[in-house]
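There are 2 protein chains.
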Amino acid sequence: MARSEAPLAGIDRVAIVGTGLLGGSLGLGLRALGYRGAILGVGRRPETLKTARDAGCVTETTTDLRQAVIASGLVVMATPLGHFVSLLEQIAACNHRDLIITDVGSTKGEVCAHARRLLSVPGRFIGSHPMAGGERHGPEFARADLFNGKPCIVTPADGADFNALNMVESMWSALGMKTVRMTPEEHDQAVAKISHLPHAVAALLVQLAKRGGAMRVASTGFADTTRVASGDAEVWTDIFLTNRAALSSALDELAKDVTRLRDLLQREDMAAVRALLDAGKGGRDELIETWRHGED
Amino acid sequence: MARSEAPLAGIDRVAIVGTGLLGGSLGLGLRALGYRGAILGVGRRPETLKTARDAGCVTETTTDLRQAVIASGLVVMATPLGHFVSLLEQIAACNHRDLIITDVGSTKGEVCAHARRLLSVPGRFIGSHPMAGGERHGPEFARADLFNGKPCIVTPADGADFNALNMVESMWSALGMKTVRMTPEEHDQAVAKISHLPHAVAALLVQLAKRGGAMRVASTGFADTTRVASGDAEVWTDIFLTNRAALSSALDELAKDVTRLRDLLQREDMAAVRALLDAGKGGRDELIETWRHGED
Chain A
54 MARSEAPLAG IDRVAIVGTG LLGGSLGLGL RALGYRGAIL GVGRRPETLK TARDAGCVTE
114 TTTDLRQAVI ASGLVVMATP LGHFVSLLEQ IAACNHRDLI ITDVGSTKGE VCAHARRLLS
174 VPGRFIGSHP MAGGERHGPE FARADLFNGK PCIVTPADGA DFNALNMVES MWSALGMKTV
234 RMTPEEHDQA VAKISHLPHA VAALLVQLAK RGGAMRVAST GFADTTRVAS GDAEVWTDIF
294 LTNRAALSSA LDELAKDVTR LRDLLQREDM AAVRALLDAG KGGRDELIET WRHGED
Chain B
54 MARSEAPLAG IDRVAIVGTG LLGGSLGLGL RALGYRGAIL GVGRRPETLK TARDAGCVTE
114 TTTDLRQAVI ASGLVVMATP LGHFVSLLEQ IAACNHRDLI ITDVGSTKGE VCAHARRLLS
174 VPGRFIGSHP MAGGERHGPE FARADLFNGK PCIVTPADGA DFNALNMVES MWSALGMKTV
234 RMTPEEHDQA VAKISHLPHA VAALLVQLAK RGGAMRVAST GFADTTRVAS GDAEVWTDIF
294 LTNRAALSSA LDELAKDVTR LRDLLQREDM AAVRALLDAG KGGRDELIET WRHGED
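Listed below in structure tokens is the structure:
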């Protein structure tokens, strides 16, 4: 998947703000691809920065965001979503007009709106959502191949700078990601359905089982279905907050589907139940089959 | 976990009716533990029986259930649930009063009620639910260690024969399972919450995502959350049918929880959302931690 030329041609230094699982893996991945420029880890906690540097995720570190922005050609915001407004305000204050900015946040509507409002050259902000990760966090879990083979949604605004868009998309492609362009709104509705709703349901299923005293007989099926519930609660509260409209709609839709299935069972309409299970199996098998063949 | 003495002492031949993933793995597991008696695979399709025998799951095969019942000391019903009534009727007709009978079905209320109604010595039927498996089926996926470390719920009826109960429980324990005794009703309510509800939700999530055109950006989190939806739709329709009362209640409970979360989001009550995600993470992490330490 990875391209043969080194990524980020023409950029001497990339600043990664937040060197956790995603930021750290981005640094490792760029180095594995032969990126020769400096990779500057930016954060507030010197211990996290030291861990990231010791793990080879970054080649330099600083706690001074202003200094990092001025010295870099690309800034990647890889902190939790709750810090994005403050980061964009600080980046805007640096007035570095050639800077390209992207992020790795799980929702796109709010960050893109903030970028449009705060930045003097909003077209050089290109929203990204690399769909990789897991319930573990911290640079100690970073992997150069974390992004390989996964989708990355890129959400350029109207009037996006072509060079900035190309730089950001080619960086994710070089890391093996399949980039998909969407508007921020399309993105937020799609991820509400395939990520935020499943996360919400996983948390609810755990509580329902616990309330009913059923956890002692839980097996691997339950553990898999609820795996995502082990994700960081602070991170996910931010995700739910910034995508509350689309997630609310998806929850409504699910509540109706759940009630409909309850009615089918009570009527013993097993042909309809069977059709529902067939469709679920068909859709899920198709997803796995698509991945196996590496198709888009 | 496995006991040092060979399992099923005093039983010269065990008949496994249905040599799919569970039946086949039971045969392999018994042989791996040094069981010296005959393991008779019983089924309707000679090809499946041949596959099971070639894979070493059974030592003998027959399509004649009556012959198998008469020649055996223990019969394990490992077919889909939909065949249990017919099997119990045929077993009852053999009038083999020393026979011990168990099953591996995912619901227990109906099969225990049928056993009580149909068998002349109902106390020698001991319902079992070994909570192992996966979405693949067939003897070609059978593994001697499939049951190791997993829970097995045993549902003896009032007046259960002590020797039969002991034989069945010690067989599952020898295979490394943690046996838990419940009434059939307790069992069905517990598995509705930790197995049948998650399965139903997985199928609904797949359909909701597909309907919304969101599958093209699905990632590993979605694949894990919906893994169980790839299970055999016929098998699961039977499970839902035989556990429709408990599953309906669980679906009702979930629909209320989903709607409550929707309300919290719309009110932007993020403290309550955070508490819900914390509880979900806490419960799920605790489950994994318990497994890691091998506690009960």
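Order-wise, the sequence lines are chains A and B.
Letter by letter, the first sequence follows residues 54 to 349 of our numbering.
Letter by letter, the second sequence follows residues 54 to 349 of our numbering.
Ideal Cβ placement from N, Cα and C applies to all residues, glycine included.
Short CB-CB distance (under 7 Å) between residue i and chain A
i: residue 54 of chain B; result: Residue placement at residue 54 of chain B is poorly supported in this model, since its pLDDT is 43, which falls under 50; the coordinates still yield a value, given next. No - not a single Cβ of chain A is within 7 Å of the one on residue 54 of chain B.
i: residue 162 of chain B; result: no
i: residue 304 of chain B; result: yes
i: residue 199 of chain B; result: no
i: residue 156 of chain B; result: no
i: residue 181 of chain B; result: no
i: residue 430 of chain B; result: Nothing about residue 430 of chain B can be reported from this structure: the residues present for chain B run from 54 to 349 only.
i: residue 151 of chain B; result: no
i: residue 108 of chain B; result: no
i: residue 310 of chain B; result: yes
i: residue 301 of chain B; result: yes
i: residue 283 of chain B; result: yes
i: residue 307 of chain B; result: yes
i: residue 340 of chain B; result: yes
Residue i to residue j span [Cα, whole Å]
i: residue 307 of chain B; j: residue 256 of chain B; result: 15 Å
i: residue 348 of chain A; j: residue 75 of chain A; result: Any answer about residue 348 of chain A is weak, because its pLDDT of 49 lies below 50 and its placement is not dependable; what the coordinates show is given next. Whole-angstrom Cα-Cα distance: 24 Å.
i: residue 333 of chain B; j: residue 260 of chain A; result: 6 Å
i: residue 12 of chain A; j: residue 331 of chain B; result: Residue 12 of chain A lies beyond the stretch modelled for chain A, which goes from 54 to 349, so this question has no answer here.
i: residue 262 of chain A; j: residue 99 of chain B; result: 41 Å
i: residue 245 of chain B; j: residue 294 of chain A; result: 31 Å
i: residue 161 of chain B; j: residue 141 of chain B; result: 14 Å
i: residue 126 of chain B; j: residue 220 of chain B; result: 11 Å
i: residue 171 of chain B; j: residue 119 of chain B; result: 16 Å
i: residue 193 of chain A; j: residue 106 of chain A; result: 10 Å
i: residue 252 of chain B; j: residue 319 of chain A; result: 17 Å
i: residue 129 of chain B; j: residue 183 of chain B; result: 12 Å
i: residue 101 of chain A; j: residue 109 of chain A; result: 12 Å
i: residue 238 of chain B; j: residue 296 of chain A; result: 41 Å
i: residue 55 of chain A; j: residue 315 of chain B; result: Below a pLDDT of 50, predicted positions are generally treated as unreliable, and residue 55 of chain A, at 46, falls in that range; no measurement from the model is reported.
i: residue 300 of chain A; j: residue 132 of chain B; result: 41 Å
i: residue 164 of chain A; j: residue 273 of chain B; result: 24 Å
i: residue 149 of chain B; j: residue 123 of chain B; result: 6 Å
i: residue 89 of chain B; j: residue 65 of chain B; result: 8 Å
i: residue 346 of chain B; j: residue 191 of chain B; result: 32 Å
i: residue 340 of chain B; j: residue 280 of chain A; result: 11 Å
i: residue 258 of chain B; j: residue 63 of chain B; result: 49 Å
i: residue 287 of chain B; j: residue 323 of chain A; result: 10 Å
C-beta neighbour in chain B for residue i, strict 7 Å
i: residue 292 of chain A; result: no
i: residue 137 of chain A; result: no
i: residue 141 of chain A; result: no
i: residue 297 of chain A; result: yes
i: residue 65 of chain A; result: no
i: residue 280 of chain A; result: yes
i: residue 204 of chain A; result: yes
i: residue 173 of chain A; result: no
i: residue 286 of chain A; result: yes
i: residue 184 of chain A; result: yes
Rounded Cβ spacing between residue i and residue j (contact assumed at less than 8 Å)
i: residue 97 of chain A; j: residue 116 of chain A; result: 6 Å
i: residue 277 of chain A; j: residue 277 of chain B; result: 5 Å
i: residue 168 of chain B; j: residue 178 of chain B; result: 4 Å
i: residue 230 of chain B; j: residue 203 of chain B; result: 6 Å
i: residue 95 of chain A; j: residue 70 of chain A; result: 4 Å
i: residue 268 of chain B; j: residue 82 of chain A; result: Incorrect: roughly 26 Å between the Cβ atoms, too far for contact.
i: residue 200 of chain A; j: residue 78 of chain A; result: 7 Å
i: residue 275 of chain A; j: residue 226 of chain B; result: 22 Å between Cβ atoms; not a contact.
Any non-hydrogen atom of the ligand NAD closer than 6 Å to residue i Cβ
i: residue 93 of chain A; result: In the structure on display, the ligand NAD does not appear, and there are no ligands present to speak of.
- Using a beta-carbon distance cut-off of less than 7 Å, what residues from the stretch 207 to 241 of chain B approach chain A? 233
- Residues, ordered as in the chain, of the stretch 241 to 255 of chain B that lie near chain A by beta-carbon distance below 9 Å: 242, 243, 244, 245, 246, 247, 248, 250, 251, 252, 253, 254 and 255
- Pull out every residue of the stretch 258 to 278 of chain A whose Cβ sits closer than 9 Å to any Cβ of chain B, in chain order. 258, 259, 260, 261, 262, 263, 264, 265, 266, 267, 268, 269, 270, 271, 272, 273, 274, 275, 276, 277 and 278
- Message: Counting only Cβ-Cβ distances shorter than 8 Å, please list the residues of the stretch 313 to 338 of chain B near chain A, keeping chain order.
- Response: 314, 315, 318, 319, 321, 323, 326, 327, 329, 330, 331, 332, 333, 334, 336, 337 and 338
- alpha helix (DSSP H) runs contained entirely in the stretch 103 to 164 of chain A, provided each spans 4 or more residues: 118 to 124 and 137 to 147
- Query: What beta strand (DSSP E) runs, 3 residues minimum, are completely inside the stretch 172 to 242 of chain A?
  - Reply: 178 to 183, 204 to 208 and 231 to 234
- Going along the chain, which unbroken runs of the alpha helix (DSSP H) with 4 or more residues stay wholly within the stretch 61 to 105 of chain A? 74 to 85
- Task: Taking only runs that begin and end inside the stretch 283 to 348 of chain A, name each unbroken alpha helix (DSSP H) of 4 or more residues, in chain order.
- Result: 286 to 295, 297 to 319 and 323 to 345
- Length at least 4, wholly inside the stretch 251 to 282 of chain A: the alpha helix (DSSP H) runs in chain order: 273 to 278
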